[in-house]
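Trainee: Note that the sequence shown covers residues 1 to 98 in UniProt numbering. Where a beta carbon is used, it is the ideal one built from N, C-alpha and C, also for glycine.
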Amino acid sequence: SAQCDVQCDDICRDQQRKVSQLKEAEQRAVEEEEQRKLQEELEAFEKRQQRGGRRNKRRRRDEVDDERGGMGRCASFILVAVGGVLLSAAAYYFLTVA
1 SAQCDVQCDD ICRDQQRKVS QLKEAEQRAV EEEEQRKLQE ELEAFEKRQQ RGGRRNKRRR
61 RDEVDDERGG MGRCASFILV AVGGVLLSAA AYYFLTVA
């Protein structure tokens with residue numbers, strides 16, 4: 001009827017200490033594994049950033065080339081249009097004279 005208090009003897013305390021040590025060791029192992037994974041992920045990210053930086057520089061150069069190409073396209077479009085107007089004027093002149 002009365003509550004029974006079981007006293008923990010030396011063997012019981014020893015077992016509890018071993019269990020807590022095992023739990024702490026497992027926890028440390030999990031934390032070390034997480035730390036290792038984070039470090040690997042960080043190193044992989046840094047490698048991608050270094051390679052990506054080189055790519056971005058190439059892209060910037062390509063963008064400058066594209067801008068020159070855009071001006072070249074614009075100039076060629078204007079030259080084609082002017083050539084067409086001159087050709088039309090010459091054809092009109094020769095057709096009306098003949």
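What did DSSP end up calling Cys-12 once you bin it into helix, strand or coil?
Mentor: The residue you call residue 12 lines up with position 12 of the sequence shown. Helix, per DSSP.
Trainee: Measuring only the C-alpha atoms, how far is Lys-38 from Lys-18?
Mentor: Within the sequence shown, numbered from 1, the residue matching residue 38 stands at position 38. Within the sequence shown, numbered from 1, the residue matching residue 18 stands at position 18. Per the sequence shown, the amino acid found at residue 38 is Leu instead of Lys. Looking at the two C-alpha atoms, the distance is approximately 30 Å.
Trainee: Measure the alpha-carbon distance for Thr-96 versus Ser-88 and round it to whole angstroms.
Mentor: Counted from its first residue, the sequence shown places residue 96 at position 96. Counted from its first residue, the sequence shown places residue 88 at position 88. Whole-angstrom Cα-Cα distance: 12 Å.
Trainee: Report the rounded CA-to-CA distance for Leu-22 versus Gln-35, giving the unit in angstroms.
Mentor: Here residue 22 refers to the residue found at position 22 when the sequence shown is read from its first residue. Here residue 35 refers to the residue found at position 35 when the sequence shown is read from its first residue. Their backbone Cα atoms lie some 20 Å apart in a straight line.
Trainee: Under three-state DSSP, which class holds Gln-50?
Mentor: Translated into the one-based positions of the sequence shown, residue 50 becomes position 50. Gln-50: helix per DSSP, three-state reduction.
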